[in-house]
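Participant:
2 protein chains.
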Amino acid sequence: MRNGDPDNKSLSGPSWEENIRRVVPYVPGEQPPVKDNIIKLNTNEFPYPPGPGVQKALQSLDADKLRLYPHPDAEPLSSAIADSLGVGRDQVFTGVGSDDVLSIAFLTFFNSGAPVLFPDITYSFYEVWADVYRIPFEKVPLDEGLHIVKEDYFRENGGIVIANPNAPTGISESEDISWFEDIVRNNPSSVVIFDEAYVDFGGCSALPLVNKYDNVLVVRTFSKSRAFAGMRIGFGVGSEKLIRYMKDVKFSINSYTMNRAAIELGLSVLSDEDYFRKTVARVVSTRERTKKELESLGFETTDSKTNFIFCRHKTVPAARLYEELRQEGIYVRYFNRPRIDNYMRITVGTDEEMERLCQFLGSIL
Amino acid sequence: MRNGDPDNKSLSGPSWEENIRRVVPYVPGEQPPVKDNIIKLNTNEFPYPPGPGVQKALQSLDADKLRLYPHPDAEPLSSAIADSLGVGRDQVFTGVGSDDVLSIAFLTFFNSGAPVLFPDITYSFYEVWADVYRIPFEKVPLDEGLHIVKEDYFRENGGIVIANPNAPTGISESEDISWFEDIVRNNPSSVVIFDEAYVDFGGCSALPLVNKYDNVLVVRTFSKSRAFAGMRIGFGVGSEKLIRYMKDVKFSINSYTMNRAAIELGLSVLSDEDYFRKTVARVVSTRERTKKELESLGFETTDSKTNFIFCRHKTVPAARLYEELRQEGIYVRYFNRPRIDNYMRITVGTDEEMERLCQFLGSIL
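Order-wise, the sequence lines are chains A and B.
Using my numbering, read the first sequence as starting at 4 and increasing by one per residue.
Using my numbering, read the second sequence as starting at 4 and increasing by one per residue.
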């Protein structure tokens, strides 16, 4: 059925398929079948439900209003995010998950022709966005200990993207903001993005830099620590000027992206700081306890400041463990990529889930 | 505050601002202040609420599940859309409003270097997407009667976009699908997009062509006839191959865009065909009655097959009428652009709203 009409043969020139933007399709993490016994530790979702205010906010959503477009700038959610961080409301860009924010930032800022720099081991989407938007890039190797060497980013480039804490290593680079500031100070000609999807679970934030440098974007999400992956809310914080450029591009692609439900429910999530702090603390405590158990089973772990554990076993290959866990209905993430192909990334679930994980690993090791 | 650190001067090369993707910022339609007496006829929203099933679906949404990512392909909504149209489920691309679908289609298909063709008077976003994605384009003039001349599209091009019914003219080009098929048959080397945002209010759909030609994309939305602008749901229908290419690009930008609320509530909207048909028929009937009233006041109108009326007054300039209506709290759309700068685009509201509009116009004319 290629423009299959027979009358059409005389016109057949090059096919429309020659002009496709061809990409290496990104494959999202496996969504296992919904069964009772499944333990899903493969996409870094939060193990506890969003705060009790969300169910109330759902009840009070007015279906009649859904006939009207939402606020194009996701108000009043954007202002609430700004207030929660102590920045100006024109310093916040709200998007459909942090992927939306990062993707728009790539499109807006990385147009110099010089390569964008990010670590060789990091969030795999950076490479995918560069590919789809035809942005040249260079992957800068982490050192042997899986750390970022900041001096590697003191050279000509078209932009810099640093995930901190990094994924899938879980490592936070420094407790001292000067580590981050050094990268910014050495890059006045580039936009420097700090992807802080996991920062609520530990690690130092670069947020204070947005008021000192106008070329810094800090990106966060409601999908991890706010237990809200299902509603797709992310945001970026930067100088007013930087955010304005992003909004100009965003409004040129889709004026209304955050739907009314996301805006209203997002507000309720943000208003319950107490619940947020308590549940995040619980995940951190489960993480530390699970790490010790894994170490007692012969695993080496990184110093994760996230809601996942990055680990390898001293003798048993990760690919084998991953497969055996999967057979048992325990889904973790395995990356068949250079340097990390012997690691597993295990999302921190509830205590009960992590207990079952450790018991099973204990039984097969 | 341009990378303001004083230590930094010796490093100052070109500014990061030199590499911004600069766009002419698109300005969405005015969102008037929420006041009781406002009549909002400027963004083509549906005047009646979504069907009663939506409030029930809201009540039954499970807040606890919102911690989990949604289905990346918006299932089961995508399959329900496919079923409702009698096409295969791999023939449907679901997006955050039809703007999302169209924007991804531009990015995926329009890469040949030859200009993309669309009418000079049509949905203004086509030009904006071409601009942001750096796609060459040519605007093909409508004829004197504001009709599309199909033969103008029988020449080399990098893609074709036809809104039918067209906006803001409201005109549907033909009741005969061969009009649309002629354009497709003459363009085997391009993807031909039919933007049918308004087709439920009248006009001929090109949908049957997606099973005959593999280079046709038909785009629709829940925002107009389905009373669901606030939830951002649009979709595209094409050959499996065409849709696969779009999904590859989409999954390379953002794997999860339709949130759980949109998927669930979208399902409930789609299931109430009876309510849909009744309320659409009511809008059509209000449109026809209002047109007659406007004509009796000295307006000329096009033969709109949409949920808006496109009209000009025989003697009074549109800019003046627009401004006087606005002062009265009645918001309509006025485009200060060549050829149509004496028209107003008036969304069809409730009978009561249209009555107040006509009464006011009668009082000032």
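Even for Gly, the Cβ is constructed at its ideal location relative to N, Cα and C.
Rounded to the nearest angstrom, how far is the Cβ of B:Leu270 from that of B:Leu80, given a contact under 8 Å?
Facilitator: Yes, they are in contact, since the Cβ atoms of B:Leu270 and B:Leu80 sit about 6 Å apart, within 8 Å.
Participant: For B:Glu178, does the three-state DSSP call read helix, strand or coil?
Facilitator: In the structure shown, B:Glu178 sits in coil (DSSP, three-state: anything other than H, G, I, E or B).
Participant: Helix, strand or coil: which one does DSSP assign to A:Tyr126?
Facilitator: Here A:Tyr126 sits in coil by DSSP.
Participant: Report the neighbours of A:Lys62 on chain B: residues whose CB is nearer than 9 Å to its CB, in chain order.
Facilitator: A quick correction: the sequence has Gln, not Lys, at residue 62 of chain A. What A:Gln62 touches in chain B: Leu61, Gln62.
Participant: Can you tell me whether A:Arg369 is buried or exposed? The criterion is at least 16 other CB atoms within 10 Å of its CB, across all chains shown.
Facilitator: Outside the shown range of chain A (4 to 368) lies residue 369 of chain A, about which nothing can therefore be said.
Participant: Would a check of beta-carbon distances place B:Leu71 closer than 8 Å to chain A?
Facilitator: Yes, contact with chain A.
Participant: For the alpha helix (DSSP H) that contains B:Val57, what are its first and last residues?
Facilitator: It spans 56-63 - the alpha helix (DSSP H) in which B:Val57 sits, taken as one unbroken run.
Participant: What's the C-alpha gap between B:Val90 and B:Val219?
Facilitator: Going by the C-alpha atoms only, they are around 14 Å apart.
Participant: Measure from the C-beta of B:Ser18 to each C-beta in chain A and report whether the shortest distance is under 8 Å.
Facilitator: It does; some Cβ of chain A falls within 8 Å.
Participant: Mind checking whether A:Asp198 and A:Val213 have CB atoms under 8 Å apart?
Facilitator: Contact: no.
Participant: Can you find a CB in chain A that lies within less than 8 Å of the CB of B:Pro79?
Facilitator: So, not an interface residue.
Participant: Is any beta-carbon of chain A found at less than 8 Å from that of B:Tyr29?
Facilitator: Yes - at least one Cβ of chain A is within 8 Å of the one on B:Tyr29.
Participant: If we require 3 or more residues per run, which beta strand (DSSP E) segments fall completely within the stretch 208-247 of chain B?
Facilitator: Listed in chain order, the complete beta strand (DSSP E) runs (minimum 3 residues) inside the stretch 208-247 of chain B are 219-224, 237-240.
Participant: Counting Cβ pairs, one atom from each stretch, are 3 or more of them under 8 Å apart for the stretch 158-174 of chain B and the stretch 120-135 of chain B?
Facilitator: Segments in contact, yes.
Participant: Using a C-beta cutoff of 8 Å, does A:Asp185 count as contacting chain B?
Facilitator: A:Asp185 does not count as touching chain B.
Participant: From A:Lys253 to A:Leu105, what does the alpha carbon distance come to, in whole angstroms?
Facilitator: Answer to the nearest angstrom: the Cα atoms are 11 Å apart.
Participant: Under a three-way DSSP split, which group does B:Lys317 fall into?
Facilitator: Residue state, collapsed to three classes: coil.
Participant: Are B:Phe1 and B:Trp132 touching if we call contact CB-CB under 8 Å?
Facilitator: Within the shown structure, residues of chain B are numbered from 4 to 368, placing residue 1 of chain B beyond reach of any answer.
Participant: Going by C-alpha distance, which of B:Asp39, B:Thr293, B:Asp103, B:Met249 is nearest B:Ile349?
Facilitator: Measuring from the Cα of B:Ile349, the nearest candidate turns out to be B:Thr293.
Participant: Contact between the stretch 265-280 of chain B and the stretch 47-64 of chain B: three or more CB pairs below 8 Å?
Facilitator: Touching, yes.
Participant: When Cβ atoms are compared, which residues of the stretch 251-262 of chain A fall closer than 7 Å to chain B?
Facilitator: The residues in question are Asp251, Val252, Phe254, Ser255, Ile256, Asn257, Ser258, Tyr259, Thr260, Asn262.
Participant: Report the residue from A:Phe225, A:Val99, A:Arg137 whose alpha carbon sits nearest the alpha carbon of A:Val26.
Facilitator: Cα-wise, what sits closest to A:Val26 is A:Arg137.
Participant: Under 7 Å between beta-carbons, which chain B residues line up against A:Leu110? List them in chain order, please.
Facilitator: Correct list: Arg24.
Participant: Which stretch, first to last residue, makes up the alpha helix (DSSP H) that contains B:Ile367?
Facilitator: Note, B:Ile367: alpha helix (DSSP H), 354-367.
Participant: Tell me whether B:Val27, by its Cβ, gets closer than 7 Å to a heavy atom of the ligand FAD.
Facilitator: Absence of the ligand FAD is noted for the structure shown, with no ligands found whatsoever.
Participant: Pick out whichever of B:Arg315, B:Thr125, B:Glu296 has its Cα sitting closest to the Cα of B:Asn167.
Facilitator: Nearest C-alpha to B:Asn167: B:Thr125.
Participant: Can you have a look at A:Val286 and say buried or exposed, based on whether 16 or more other CB atoms are within 10 angstroms of its CB?
Facilitator: So A:Val286 counts as buried.
Participant: Could you run through the stretch 223-252 of chain B and flag, in chain order, every residue whose CB is less than 7 Å away from some CB of chain A?
Facilitator: So the close ones are Ala230, Phe231, Ala232, Gly233, Met234, Arg235, Ser242, Tyr248, Asp251, Val252.
Participant: Tell me which residues of the stretch 90-111 of chain B have at least one Cβ-Cβ distance to chain A shorter than 8 Å, keeping chain order.
Facilitator: Those would be Val99, Gly100, Asp102, Asp103, Ser106, Leu110, Thr111, in chain order.
Participant: Look at the alpha carbon of A:Glu141 and the alpha carbon of A:Asp203, and state the distance between them as a whole number of angstroms.
Facilitator: Answer to the nearest angstrom: the Cα atoms are 28 Å apart.
Participant: So which of B:Pro73, B:Phe128, B:Ile312, B:Ser274 has the shortest CA-CA distance to A:Pro265?
Facilitator: The amino acid at residue 265 of chain A is misidentified as Pro; the sequence shows Ala. Ranking B:Pro73, B:Phe128, B:Ile312, B:Ser274 by Cα distance to A:Ala265 puts B:Pro73 first.
Participant: With a threshold of 8 Å, are at least 3 pairs of Cβ atoms found where one atom belongs to the stretch 41-49 of chain B and the other to the stretch 186-196 of chain A?
Facilitator: With a cut-off of 8 Å, the stretch 186-196 of chain A and the stretch 41-49 of chain B do not count as touching, because too few Cβ pairs lie within range.
Participant: So which of B:Glu267, B:Ile256, B:Phe112 has the shortest CA-CA distance to A:Phe128?
Facilitator: If we check each option's Cα against that of A:Phe128, B:Ile256 comes out closest.
Participant: In this structure, how does DSSP classify A:Thr350 when only helix, strand and coil are distinguished?
Facilitator: In the structure shown, A:Thr350 sits in a strand (DSSP, three-state: E or B).
Participant: Starting from A:Lys68, trace the alpha helix (DSSP H) both ways and give me its first and last residue.
Facilitator: Per DSSP, A:Lys68 belongs to no alpha helix (DSSP H) and is neither H nor E.
Participant: Check the C-beta distance from B:Ile180 over to B:Ala209 and give it rounded, since I have them as a contact under 8 Å.
Facilitator: The pair is a contact, with the Cβ atoms about 7 Å apart (cut-off 8 Å).
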